[in-house]
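Just so you know, our numbering puts the end of the sequence shown at 1063, numbered straight through with nothing missing.
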Amino acid sequence: MKVVIFAGGMGTRISEESHLKPKPMIEIGGKPLLWHIMKQYASFGHNEFVICLGYKGHMIREYFMNYFLVNSDITMDLKTNNIEVHSSDSEDFKVTLVDTGLNTMTAGRLKRVQKYVEGEDFMLTYGDGLSDIDINELVTYHAGHGKIATMTAIQPGSRFGVMEFDDDNTITRFHEKPKESGAWVNGGFFVLKPAVFDYLKDDAD
């Protein structure tokens, strides 16, 4: 099953680094965040990716265009431009890179890669989020309920300490940054049927 990854956003919430590079290319442990996301999917046997490019998309293109050589031991003949590869640590990824526009909205980006996932269920995620989710369990759940879309949901931890009061406004309980805030939010991992494209406007901006 193919994996579509949104990698075209501006990254305004981490602008200190994202004004130099797209957010998915910010490194963790010497590897781009995008690589870690792809590695997670590949660990469950899913290694075909369609990446939706936008802001500074050329940097993502260059990364993958050079990926094999950068991760290989090679001998180069500069006169003939021949390259002999001795060994390689490249990942077993098949990557399709698609320019989905600079200011295109989320639905528009997905619509623009329709032809690359036509006729089959596919997975979708963002290029700025990591998780310990069991990908294959998510796929199995999706296959079992028969709906067009499956979305993960999480309860994020509170950013602040939580207080409870009695009728006299006396604090009766204080819980420092509880792990679950009570609200459910988009967890960022989806499985979709091709019918989802019927609900998207043509090349919507």
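By construction, the Cβ of each residue, glycine as well, lies at the ideal position given by its N, Cα and C atoms.
Whether Phe907 touches Ile993 by CB criterion (8 Å)
Taking a C-beta distance under 8 Å as the contact criterion, Phe907 and Ile993 do not qualify as a contact pair.
C-alpha gap between Thr998 and Tyr899, whole angstroms
Roughly 15 Å separates the two Cα atoms.
Backbone secondary structure at Glu1017 - three-state DSSP
It should be noted that the sequence gives Arg, not Glu, for residue 1017. Residue state, collapsed to three classes: coil.
Leaving aside the five residues before and after Pro1036 along the sequence, list all residues of the same chain whose C-beta is less than 6 Å from its C-beta, in chain order.
These residues qualify, in order along the chain: Ser1016, Val1020.
Where does the unbroken beta strand (DSSP E) through Val908 begin, and where does it stop?
Per DSSP, Val908 belongs to the beta strand (DSSP E) from 906–911.
Considering only the beta carbon of each residue, do Asp935 and Leu1050 sit closer than 8 Å?
Cβ distance not < 8 Å, so Asp935 and Leu1050 don't count as in contact.
Where does Leu891 sit, in a helix, a strand or coil, going by DSSP?
Under the three-state reduction of DSSP output, Leu891 falls in the helix class.
Per-residue DSSP class, three states only, for Gly959:
Coil at Gly959, not helix or strand.
Run through the DSSP bridge pairs and tell me what Val943 is partnered with.
Val943 is bridged to Ile932.
Between the alpha carbons of Ser989 and Tyr913, how many angstroms are there, rounded?
Near 24 Å, if we compare the C-alpha coordinates of Tyr913 and Ser989.
Would Ala965 and Leu892 be called neighbours here (beta carbons separated by less than 8 Å)?
Between Ala965 and Leu892, the C-beta gap is not smaller than 8 Å, which leaves the two residues out of contact.
Who are the near neighbours of Pro890 in its chain, counting only those whose CB is closer than 8 Å to its CB and skipping five residues on each side?
Same-chain partners within the cutoff: Pro882, Met883, Ile884, Tyr921.
Does DSSP classify Phe1032 as helix, strand or coil?
DSSP, read as helix, strand or coil, puts Phe1032 in strand.
Limits of the alpha helix (DSSP H) - the one that Phe922 falls within
Segment 915–923, the alpha helix (DSSP H) holding Phe922.
Have a look at Tyr925, Ile918, Ser946 and flag the residue whose alpha-carbon is nearest the alpha-carbon of Asp931.
Among Tyr925, Ile918, Ser946, the Cα nearest to that of Asp931 is on Ser946.
Does DSSP put Ile886 in a helix, a strand or coil?
Strand, per DSSP.
C-alpha gap between Gly959 and Gly866, whole angstroms:
When the Cα atoms are used, Gly959 and Gly866 turn out to be separated by approximately 8 Å.
Would a C-beta distance cut-off of 8 Å place Ile863 and Ile909 closer than the cut-off?
Yes, the pair counts as a contact, with Cβ atoms nearer than the cut-off.
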